[in-house]
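Peer 1: Heads up: the sequence shown at position 380 corresponds to 581 in our numbering, and the numbers run straight through without jumps.
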Amino acid sequence: MAFLAERPVMVSPTMNRTLVVVGLMLSSALAAMDSTIVATAIPSIVRDLGGFAVFPWLFSIYLLIQAVTIPIYGKLADIYGRKPVLLAGVGFFLLGSVLSGLSWNMTALIVFRGLQGVGAGAILPITATVIADIFSIEERARMQGYLASVWGVSSVVGPSIGGLIVQYSSWRWIFYINLPVGAAALFMIATQLREHVTPHRHRLDIPGAALLATGVGLWVLGLLEGGVAWGWSSHPSVITFGVGLLLLAAFLVQERRAEEPMLPMWVFGERMLLAANLGSLVVGVLSSGISAFLPTFVQGYLGATPLVAGMTLGAMTVGWPLAASLAGMVYLRTGFRRAAIGGGCLTLVGGLAFAHLGPAATSVDTAAASFVLGLGLGLSATTLLVGIQSVVAWERRGVVTGANLFTRMLGSTVGVAAFGSVLNGSLSAWLSRTPVALRGHIPATLGATTFVLGKTPGISSQAVAFIRQGLYLGVHRMFLATAGAALLLLAFTFMVPRRLTPILAGAERSDGPSARAAAGGESAEMSPAPPSGSRP
202 MAFLAERPVM VSPTMNRTLV VVGLMLSSAL AAMDSTIVAT AIPSIVRDLG GFAVFPWLFS
262 IYLLIQAVTI PIYGKLADIY GRKPVLLAGV GFFLLGSVLS GLSWNMTALI VFRGLQGVGA
322 GAILPITATV IADIFSIEER ARMQGYLASV WGVSSVVGPS IGGLIVQYSS WRWIFYINLP
382 VGAAALFMIA TQLREHVTPH RHRLDIPGAA LLATGVGLWV LGLLEGGVAW GWSSHPSVIT
442 FGVGLLLLAA FLVQERRAEE PMLPMWVFGE RMLLAANLGS LVVGVLSSGI SAFLPTFVQG
502 YLGATPLVAG MTLGAMTVGW PLAASLAGMV YLRTGFRRAA IGGGCLTLVG GLAFAHLGPA
562 ATSVDTAAAS FVLGLGLGLS ATTLLVGIQS VVAWERRGVV TGANLFTRML GSTVGVAAFG
622 SVLNGSLSAW LSRTPVALRG HIPATLGATT FVLGKTPGIS SQAVAFIRQG LYLGVHRMFL
682 ATAGAALLLL AFTFMVPRRL TPILAGAERS DGPSARAAAG GESAEMSPAP PSGSRP
């Protein structure tokens with residue numbers, strides 16, 4: 202599929218960088234608020250629409266489509282320019298938000314969440330790429346920290362607003378609240394971001410995108426339904442995973458043959474790129490896996506209000522931007538490798554804290570574990586992303602940024618599905634063993650979980666205690682998996698080279714401190730603290 206496209210060569214030096222950054226931050230706020238508010242509202246959504254067994258699809262479909270579209274948007278941004286791609290993404294996101302708020306059942310909501318994912322796929326990679334375009338390496342970490350701070354603010358304000366909405370109004374307003382934020386973002390980007398472009402021809406890898414989406418989608422289906430709708434060793438399970446694996450193998454073949462692949466294999470060919478992408482994969486598993494299910498645990502097992510559940514989850518994404526904003530100081534002083542390893546260590550501490558949450562855990566304990574985990578993820582993710590952006594040329598920066606964020610979204614998709622599989626499988630097994638005295642009072646299906654997600658008249662305290670115990674066992678196993686994933690992230694950070702060198706022709710070079718920082722070797726370890734620079 203050939204197109205006559207426009208290839209950006211530079212951004213205008215006359216644009217107002219302050220207003221551009223404000224527009225980028227507002228764009229990021231859309232995705233940030235959406236993820237935290239939706240997670241907080243899940244118990245209310247399940248109470249109104251039903252479908253506890255399938256509610257993980259609200260996250261999986263969103264993350265899957267976002268993951269698949271990220272490399273495409275990254276490629277289009279290198280060809281058409283950052284501005285039109287970002288504007289289109291925000292527009293799709295707002296349309297999906299409106300339709301989600303109008304949903305009449307869980308199936309409709311899942312479909313419209315997928316439309317939100319189409320838009321969200323542009324927001325995260327393009328905002329990060331624009332920052333890399335208009336700021337120097339010394340400034341980028343601080344600017345990425347500003348973008349990351351949006352997640353922190355949104356994670357405090359978003360769950361708080363979401364909790365209030367859920368308690369005193371309808372959950373549908375958690376989607377409508379995106380509209381004024383999105384309108385302001387569209388205005389800032391449309392009026393302030395300026396690029397110079399020149400035409401050239403381009404081909405989109407539509408077959409690759411279709412193979413990837415279908416293959417990963419089948420694996421998500423197998424993970425969520427295995428052990429619930431059918432047995433793990435049953436024919437449906439074998440067929441689902443087998444066909445998914447064949448499609449993913451076909452995707453790899455397609456990427457090697459495509460003239461312009463959506464995910465070129467060279468982004469995994471260098472040690473730094475491989476380490477960053479594998480690390481980003483695990484970051485996605487941890488961040489979205491915890492985000493999707495923690496509010497349900499806090500409300501369903503601990504019995505807290507939606508507002509408290511939102512603040513507990515918000516602690517993780519407060520720690521993330523805090524660490525991200527300090528990442529530049531860390532990697533300029535110590536080098537990218539040591540900074541990444543430090544983030545991996547913090548992540549492991551947070552994962553172990555979750556694994557040690559016992560039956561007597563409180564909301565404060567859970568929030569503390571979330572905060573530490575957020576610190577580790579923020580330091581790791583920012584260091585790895587800036588590291589790969591620093592060793593490639595401008596025309597490849599969108600591709601490597603998109604590939605890195607793609608692996609994070611792919612990890613998020615698989616993480617939600619895998620954690621949902623653990624939770625649903627444990628709950629199903631637990632409810633199938635309902636004591637005789639409680640049979641007839643609660644269903645022996647996952648639908649019984651709705652009884653502990655809100656006030657349900659006519660259910661005994663014994664039934665509530667039984668369901669809550671099953672919920673705890675399922676979430677505890679999920680927390681153990683969190684610790685294992687954190688250990689894997691730490692292992693991947695040790696793959697970061699001690700000294701980074703430019704990759705591919707035309708990679709970024711200079712004789713100043715930025716080049717030494719990009720190298721990440723001895724000179725980076727001895728470099729002074731990052732200069733204050735100019736604010737955007």
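All residues carry an ideal CB built from backbone N, CA and C; glycine is no exception.
Quick caveat: nothing in here was measured; it's all calculated off a predicted structure.
Just to confirm before moving on: does the CB-CB distance between Gly490 and Gly616 stay below 8 Å?
Peer 2: yes
Peer 1: How about the region 594-607 and the region 540-560: do they share at least three Cβ pairs that are nearer than 8 Å?
Peer 2: Segments in contact, no.
Peer 1: Do you know how far the Cα of Gly322 is from the Cα of Gly282?
Peer 2: One C-alpha to the other measures close to 16 Å.
Peer 1: With DSSP run on the structure shown, which of helix, strand or coil describes Arg678?
Peer 2: helix
Peer 1: When you compare the region 619-631 with the region 416-428, are there three or more beta-carbon pairs, one atom per stretch, that lie closer than 8 Å?
Peer 2: yes
Peer 1: Counting pairs of beta carbons, one from the region 467-482 and one from the region 679-696, are three or more of them closer than 8 Å?
Peer 2: yes
Peer 1: Whole angstroms is fine: what's the gap from Ala569's alpha carbon to Gly579's?
Peer 2: When rounded, the distance between both Cα atoms is 15 Å.
Peer 1: Provide the residue(s) that pair with Gly427 in DSSP beta bridges, ordered along the chain.
Peer 2: In the DSSP secondary-structure assignment, Gly427 is bridged to Trp431.
Peer 1: What number of angstroms, rounded off, separates the C-alpha of Ala687 from the C-alpha of Gly485?
Peer 2: 11 Å
Peer 1: Helix, strand or coil, according to DSSP, for Arg373 in the structure here?
Peer 2: coil
Peer 1: Which whole-angstrom value is the C-beta distance of Val519 and Phe572, which I expect to be below 8 Å?
Peer 2: 6 Å
Peer 1: Kindly identify the DSSP beta-bridge partner or partners of Arg700.
Peer 2: Note: Arg700 sits in no beta bridge, so no partner.
Peer 1: Give a yes or no on whether the C-beta atoms belonging to Leu259 and Leu310 are separated by under 8 Å.
Peer 2: Going by beta carbons, Leu259 and Leu310 fall inside the 8 Å limit.
Peer 1: Would you check if the region 581-599 and the region 380-397 touch, i.e. whether three or more CB-CB distances between them fall below 8 Å?
Peer 2: Because the criterion of three Cβ pairs below 8 Å is not met, the region 380-397 and the region 581-599 do not touch.
Peer 1: If we ignore side chains and look at the alpha-carbon of each, how far apart do Pro465 and Glu456 end up?
Peer 2: 6 Å
Peer 1: I'd like the span of the alpha helix (DSSP H) that includes Tyr436, first residue to last.
Peer 2: Contrary to the premise, residue 436 reads as His rather than Tyr in this sequence. DSSP places His436 in the uninterrupted alpha helix (DSSP H) bounded by His436 to Arg458.
Peer 1: Just mark Arg314 as buried or exposed, buried being the case when its beta carbon has 16 or more other beta carbons within 10 Å.
Peer 2: buried
Peer 1: Using the C-alpha atoms, what's the distance from Tyr369 back to Gly443?
Peer 2: 47 Å
Peer 1: Excluding the 5 residues flanking Val221 on each side, which residues of the same chain have their C-beta closer than 8 Å to its C-beta?
Peer 2: Val331, Ile335, Met389, Ile390, Gln393, Leu394 and Pro737
Peer 1: I'd like the span of the alpha helix (DSSP H) that includes Ile378, first residue to last.
Peer 2: Ile378 -> no alpha helix (DSSP H), and no H or E assigned at all.
Peer 1: Pull up the distance between the alpha-carbon of Trp521 and that of Leu448, whole angstroms please.
Peer 2: 35 Å
Peer 1: For Ser304, name the three-state secondary structure that DSSP assigns.
Peer 2: coil
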